[in-house]
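Those protein sequences? They're chains D and H, same order as listed.
Going from the first sequence to my numbering is simple: count from 1 and add 141.
Going from the second sequence to my numbering is simple: count from 1 and add 359.
Ideal Cβ placement from N, Cα and C applies to all residues, glycine included.
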Amino acid sequence: MSVTAPAPEREAPPGEESLSQGPAWRTTASDAALFTLLLVICIGIALGLASALVAVTGSSPGEVWEAMIQGSVGSTPAITSTLNHGAITLVVAVGACIAFRAGLVNIGPEGQLTFGALMGTTVGLALPFEGGFAILLVLLAAAAGGAVWALVPAILKYWRGVSEVVTTLLLNFVAFQTVSFAVNRTYLLQETVPADSPVAAQPQSDRLPEGDRLGALADGVGYRLQITIVIAVVLALVAAFLIARSPWGLRLRMFGFNPHIARRVGAKPGRIGGGALLLAGAFAGLAGGLLLTGVVLRMQGGFSSGVYGSFSNNFGWEGLLAALVARFRPLYAIPVAIFFGALRAGGGVLASTGVDSSIVGVVQALVVLAVTLPAVLLQVRARRRQAAMQRERT
Amino acid sequence: MNDVELILESTARLGSLLLFIALGELLAERAGTLNISVEGMALGGAFTASFVAWESGSPVLGLLAGIACGLAVASIQAVLSHRITINQFVVGLAINLLVLGVTSYLQAELDIGRGQVHVVAIPLLSDIPVVGGALFEQRWIFYLIYPLVPLTWWLLMRTRWGLELRAVGEDPEAASITGISVQRRRRQAIYVCGLYAGLGGAFLSVGLIGGFTPNMTAGRGFIAIAAVILGSWAVGRTVVATLIFGGADALRLALPAIGVEMAPQLLIAAPYLVALVTMFVFAQGRRQPAALGRGYEGLAT
Numbered sequence: 142m143s144v145t146a147p148a149p150e151r152e153a154p155p156g157e158e159s160l161s162q163g164p165a166w167r168t169t170a171s172d173a174a175l176f177t178l179l180l181v182i183c184i185g186i187a188l189g190l191a192s193a194l195v196a197v198t199g200s201s202p203g204e205v206w207e208a209m210i211q212g213s214v215g216s217t218p219a220i221t222s223t224l225n226h227g228a229i230t231l232v233v234a235v236g237a238c239i240a241f242r243a244g245l246v247n248i249g250p251e252g253q254l255t256f257g258a259l260m261g262t263t264v265g266l267a268l269p270f271e272g273g274f275a276i277l278l279v280l281l282a283a284a285a286g287g288a289v290w291a292l293v294p295a296i297l298k299y300w301r302g303v304s305e306v307v308t309t310l311l312l313n314f315v316a317f318q319t320v321s322f323a324v325n326r327t328y329l330l331q332e333t334v335p336a337d338s339p340v341a342a343q344p345q346s347d348r349l350p351e352g353d354r355l356g357a358l359a360d361g362v363g364y365r366l367q368i369t370i371v372i373a374v375v376l377a378l379v380a381a382f383l384i385a386r387s388p389w390g391l392r393l394r395m396f397g398f399n400p401h402i403a404r405r406v407g408a409k410p411g412r413i414g415g416g417a418l419l420l421a422g423a424f425a426g427l428a429g430g431l432l433l434t435g436v437v438l439r440m441q442g443g444f445s446s447g448v449y450g451s452f453s454n455n456f457g458w459e460g461l462l463a464a465l466v467a468r469f470r471p472l473y474a475i476p477v478a479i480f481f482g483a484l485r486a487g488g489g490v491l492a493s494t495g496v497d498s499s500i501v502g503v504v505q506a507l508v509v510l511a512v513t514l515p516a517v518l519l520q521v522r523a524r525r526r527q528a529a530m531q532r533e534r535t
Numbered sequence: 360m361n362d363v364e365l366i367l368e369s370t371a372r373l374g375s376l377l378l379f380i381a382l383g384e385l386l387a388e389r390a391g392t393l394n395i396s397v398e399g400m401a402l403g404g405a406f407t408a409s410f411v412a413w414e415s416g417s418p419v420l421g422l423l424a425g426i427a428c429g430l431a432v433a434s435i436q437a438v439l440s441h442r443i444t445i446n447q448f449v450v451g452l453a454i455n456l457l458v459l460g461v462t463s464y465l466q467a468e469l470d471i472g473r474g475q476v477h478v479v480a481i482p483l484l485s486d487i488p489v490v491g492g493a494l495f496e497q498r499w500i501f502y503l504i505y506p507l508v509p510l511t512w513w514l515l516m517r518t519r520w521g522l523e524l525r526a527v528g529e530d531p532e533a534a535s536i537t538g539i540s541v542q543r544r545r546r547q548a549i550y551v552c553g554l555y556a557g558l559g560g561a562f563l564s565v566g567l568i569g570g571f572t573p574n575m576t577a578g579r580g581f582i583a584i585a586a587v588i589l590g591s592w593a594v595g596r597t598v599v600a601t602l603i604f605g606g607a608d609a610l611r612l613a614l615p616a617i618g619v620e621m622a623p624q625l626l627i628a629a630p631y632l633v634a635l636v637t638m639f640v641f642a643q644g645r646r647q648p649a650a651l652g653r654g655y656e657g658l659a660t
């Protein structure tokens, strides 16, 4: 049956997981003010903690922040780097938003991105031609690869009733090993080196032809603004519109809010939930394809014993976190992803200050917690008040 | 030592490392928390143990510090997810990233030397053919696993606390009605998980490796989660599961030396694949705690 009810003004939190901190409590202006105040305090504490960590190790927090700001927005190459990084994160984040809105916890974007890029590389190297159409095919293959990687958890969930949380998590590591396997086998993807070459073949694929490189918006000395940021923002806008205004979006949100009710009005769990998982995977895979055609142009294997894929470079986890910070809204994900891109770009230049760039991960994690905290705190307060009122009544 | 003894020795070593972490995860999961920050707890424990052992010159102090760090990370998880009720996976993801960042950062900024606890051979027992070396000639932290396994089983299956723990993992609403504080029990389970995972991490850094490298747990926390699944949330079977996964790890290290060709990637991915197949096959068996991964925000009244 078709669902004709108008889309509600505000969306409901997805379901039993209390994933989203729904705005039910945000009824008064004072609550909104309190929320903002708490948010500022929490972010302040987060940045304070990171500064303290820098100070403890004998470096100057001021210098670190200055270097990070310089490296992320201080010059044209810096801004370009911020946008290029943010774009990849944003594509993953949009997919993550869709899954979260359906009440699904897909913590496998890193693996989906990796496997998508692997499929993209395979197609790109197999194609006899290069250029625009080849890029399109590579990107499609990457998206399909990501979706395939998300298909496994979807099947397990909707056929066998296995929670998607663990399956998506575990499949990440299977993806890394799959890539490692492929780029260590000359009959699969490992690069071919001339027989007389002094260097041995590395665990990486051949380079895609130069014609498979994504176009640039702007090109200059020391910088190259990828077209990916435009693609990413458009995808975010489309996703936001569809979630808010289309029948599919309504079903998705309803499904996330309460799968049982959604089923009563005709939403098939496998189709809506499974579809959301596949979409999330496809977005992650597409991000892998964009990373491939925009920047790296080849698949890299990394260490055979490591768990983090070296190609994916944490973009999958970051996109996931960006979606969390954006509270599952693709529109909010745009600035959040660009902020994460700025952190990454800023972290890249930290070497000059002698401070290790792993501080970036610390800042990201603290920001995630800081942004999540205020809404939940207010929710807890509302619950306590309600409980107190109930006690008075009885 | 011949090849078999060598492989058995590494199996016991690597399996016990997983078991320290998996026993903690088992408790947390039986109480209903799918605790993915167990990876961060172990990594934090590994770093702190290595750092304190180096600074103080005492591996025992290092071990204790590692356990304390596991507890500290656990308390972040417990308070945020089971007092302030942020989604447990959100907290877990952030904690893993946080610990990875902090430990990698401090490792790069501080100068930490190497230090390792001694191998202690237990007289007589270590002379048992074939398995003697594997079970009774290890770095001494290893021997803690022997009392820990029955202790965990007793805690979970034979104490009131354990019964309540299982109750809140199966049906938090019903447990709450009988007067059990659901969130408190879940927090306590996470604290204990932190102690175990911290100990596991300390065993890795000051026991097995004798130093710290960034991300040195390398996903062993997630393999421990897989082991709990394969072990169907029971203590005894989890022991077997960790030995199987430890064996896969040991084979990966040993096979090239013996001259057997086998893709190391397959052996690394094996625990994850085995766990996925297990979930697929036994999905309808209702073996997992019924409320696993489900948040609890109090009774709707």
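- prompt: Hey, quick one: how far does the alpha helix (DSSP H) through residue 422 of chain H stretch, first residue to last?
  reply: As a working mapping, residue 422 of chain H is identified with position 63 in the second sequence. It spans 418-441 - the alpha helix (DSSP H) in which residue 422 of chain H sits, taken as one unbroken run.
- prompt: Does the Cβ-Cβ distance between residue 425 of chain D and residue 457 of chain D come in under 8 Å?
  reply: Position 284 of the first sequence holds residue 425 of chain D. Position 316 of the first sequence holds residue 457 of chain D. In this structure, residue 457 of chain D lies closer than 8 Å to residue 425 of chain D by Cβ.
task: Check the Cβ-Cβ distances between residue 128 of chain D and every residue of chain H, and say whether any is below 8 Å.
output: No statement about residue 128 of chain D is possible, as the shown extent of chain D runs from 142 to 535 and does not include it.
task: Apply the 10 Å Cβ neighbour rule to residue 487 of chain H and answer buried if 16 or more other Cβ atoms are within range, or exposed otherwise.
output: In the second sequence, residue 487 of chain H corresponds to position 128, counting from 1. Looking at its Cβ environment, which holds fewer than 16 other Cβ atoms inside 10 Å, residue 487 of chain H is exposed.
task: Helix, strand or coil for residue 337 of chain D, going by three-state DSSP, please let me know.
output: Translated into the one-based positions of the first sequence, residue 337 of chain D becomes position 196. In the structure shown, residue 337 of chain D sits in coil (DSSP, three-state: anything other than H, G, I, E or B).
query: Nearest-angstrom Cα distance between residue 295 of chain D and residue 419 of chain D?
result: Mapped onto the first sequence, residue 295 of chain D falls at position 154. Mapped onto the first sequence, residue 419 of chain D falls at position 278. Going from the Cα of residue 295 of chain D to the Cα of residue 419 of chain D covers about 7 Å.
Partner residues on chain H for residue 248 of chain D, Cβ-Cβ distance less than 7 Å: As a working note, residue 248 of chain D is residue 107 in the first sequence. By Cβ distance, chain H contributes 448 and 452.
- prompt: Do residue 507 of chain D and residue 237 of chain D have their C-beta atoms closer together than 8 Å?
  reply: Taking the first residue of the first sequence as 1, we reach residue 507 of chain D at position 366. Taking the first residue of the first sequence as 1, we reach residue 237 of chain D at position 96. No, they are not a contact pair.
query: From residue 623 of chain H to residue 605 of chain H, what does the alpha carbon distance come to, in whole angstroms?
result: Looking up residue 623 of chain H in the second sequence gives position 264. Looking up residue 605 of chain H in the second sequence gives position 246. If you take the alpha carbons of residue 623 of chain H and residue 605 of chain H, they lie about 14 Å apart.
query: By how many angstroms is the C-alpha of residue 635 of chain H removed from the C-alpha of residue 316 of chain D?
result: Residue 316 of chain D sits at position 175 when you count from the first residue of the first sequence. Residue 635 of chain H sits at position 276 when you count from the first residue of the second sequence. Computed Cα separation, rounded: 13 Å.
- prompt: How would you call residue 463 of chain H, buried or exposed, if buried means at least 16 neighbouring beta carbons within 10 angstroms?
  reply: For the purposes of this step, residue 463 of chain H is taken as residue 104 along the second sequence, with counting starting at 1. Burial call: buried.
- prompt: How should residue 533 of chain H be labelled, buried or exposed, when 16 other C-beta atoms within 10 angstroms of its C-beta is the threshold for buried?
  reply: If you number the second sequence from 1, residue 533 of chain H lands on position 174. Under this definition residue 533 of chain H is an exposed residue.
message: Counting only C-beta atoms, is residue 648 of chain H closer than 8 Å to chain D at any point?
response: As a working mapping, residue 648 of chain H is identified with position 289 in the second sequence. No, because no Cβ of chain D sits closer than 8 Å to the Cβ of residue 648 of chain H.
task: Decide yes or no for the touch test of the region 397-404 of chain H against the region 558-570 of chain H: beta carbon pairs closer than 8 Å, at least 3 of them.
output: yes
Close-in-space but distant-in-sequence residues of the same chain around residue 461 of chain D (CB under 6 Å, 5 per side omitted): Here the question's residue 461 of chain D lines up with position 320 in the first sequence. Around residue 461 of chain D: 237 and 250.
- prompt: When you compare only the Cα positions, how much space is there between residue 198 of chain D and residue 206 of chain D?
  reply: Your numbering for residue 198 of chain D matches position 57 in the first sequence. Your numbering for residue 206 of chain D matches position 65 in the first sequence. Rounded to the nearest angstrom, the two C-alpha atoms are 15 Å apart.
query: If you measure beta-carbon to beta-carbon, which residues of the region 566-591 of chain H are closer than 8 Å to chain D?
result: 573, 574, 577, 578, 581, 584, 585 and 588
Proximity test, Cβ basis, 8 Å: residue 346 of chain D and chain H: In the first sequence, counting from the first residue as 1, residue 346 of chain D sits at position 205. Put simply, the CB of residue 346 of chain D is far from chain H, with every gap to its CB atoms at 8 Å or more.
task: Spatial neighbours of residue 305 of chain D within its chain, please: CB distance less than 8 Å, with the 5 preceding and 5 following residues excluded, ordered by chain position.
output: Residue numbering aside, residue 305 of chain D sits at position 164 when the first sequence is read from its first letter. Cβ within range, chain order: 245, 246, 247, 294, 295, 297, 298 and 418.
query: Taking all protein chains shown into account, do 16 or more other C-beta atoms lie within 10 angstroms of the C-beta of residue 307 of chain D, making it buried, or fewer, making it exposed?
result: Your numbering for residue 307 of chain D matches position 166 in the first sequence. Classification for residue 307 of chain D: buried.
task: Would you give the residue range spanned by the alpha helix (DSSP H) that residue 505 of chain H belongs to?
output: To locate residue 505 of chain H, count along the second sequence from 1; it is residue 146. First-last of the alpha helix (DSSP H) with residue 505 of chain H: 504-517.
- prompt: Which residue's Cα is closest to the Cα of residue 346 of chain D: D:439, D:213 and D:181?
  reply: Residue 346 of chain D sits at position 205 when you count from the first residue of the first sequence. For the options D:439, D:213 and D:181, the alpha carbon positioned closest to that of residue 346 of chain D is the one of D:439.
field: Helix, strand or coil at residue 483 of chain H [DSSP, three-state]
entry: Within the second sequence, the letter at position 124 stands for residue 483 of chain H. In this structure, residue 483 of chain H counts as coil in the three-state DSSP scheme.
query: Is there contact between the region 504-521 of chain D and the region 177-194 of chain D, where contact requires at least three CB pairs shorter than 8 Å?
result: yes
- request: Confirm the yes/no value for this check: CB of residue 577 of chain H, any heavy atom of the ligand MN, distance under 7 Å.
  value: Annotation note on the ligand MN: not contained in the displayed structure, which lists no ligands.
field: With 16 other Cβ atoms within 10 Å as the buried cut-off, status of residue 371 of chain H
entry: Along the second sequence, one-based indexing puts residue 371 of chain H at 12. When all chains shown are included, residue 371 of chain H counts as buried.
- prompt: Secondary structure at residue 389 of chain H, three-state DSSP: helix, strand or coil?
  reply: Mapped onto the second sequence, residue 389 of chain H falls at position 30. Three-state DSSP puts residue 389 of chain H in a helix.
query: How is residue 656 of chain H classed by DSSP in three states: helix, strand or coil?
result: If you number the second sequence from 1, residue 656 of chain H lands on position 297. In the structure shown, residue 656 of chain H sits in coil (DSSP, three-state: anything other than H, G, I, E or B).
query: Any Cβ of chain D within less than 8 Å of the Cβ of residue 463 of chain H?
result: Locating residue 463 of chain H in the second sequence gives position 104, counting from the first residue. Closer than 8 Å to some Cβ of chain D, the Cβ of residue 463 of chain H qualifies, so yes.
message: List, in chain order, every chain D residue whose beta-carbon is nearer than 7 Å to that of residue 628 of chain H.
response: Translated into the one-based positions of the second sequence, residue 628 of chain H becomes position 269. Those are 314, 315 and 318, listed as they occur along chain D.
- request: Answer with yes or no whether the minimum CB distance from residue 500 of chain D to chain H is below 8 Å.
  value: Numbered from its first residue, the first sequence carries residue 500 of chain D at position 359. Answer yes: the Cβ-Cβ gap between residue 500 of chain D and chain H drops below 8 Å somewhere.
Contact list for the region 597-629 of chain H against chain D, Cβ threshold 7 Å: The region 597-629 of chain H vs chain D, Cβ under 7 Å: 622, 623, 624, 627 and 628.
- prompt: Sorted by chain position, which residues of the same chain lie with C-beta nearer than 6 Å to residue 548 of chain H's C-beta, five sequence neighbours on each side aside?
  reply: Taking the second sequence and counting its residues from 1, the one referred to as residue 548 of chain H is at position 189. Correct list, in chain order: 386, 387, 390 and 524.
field: Unbroken alpha helix (DSSP H) run spanning residue 542 of chain H, endpoints
entry: If you number the second sequence from 1, residue 542 of chain H lands on position 183. Looking at the DSSP string, the run of the alpha helix (DSSP H) that includes residue 542 of chain H is 541-561.
field: CB-CB length for residue 226 of chain D against residue 485 of chain D, believed under 8 Å
entry: Position 85 of the first sequence, counted from the start, is the residue given in the question as residue 226 of chain D. Position 344 of the first sequence, counted from the start, is the residue given in the question as residue 485 of chain D. 4 Å between Cβ atoms; contact.
- request: Go ahead and label residue 260 of chain D buried or exposed: buried means 16 or more other beta carbons lie within 10 angstroms of its beta carbon, across all protein chains shown.
  value: Along the first sequence, read from residue 1 onward, the residue named residue 260 of chain D stands at position 119. Result: buried.
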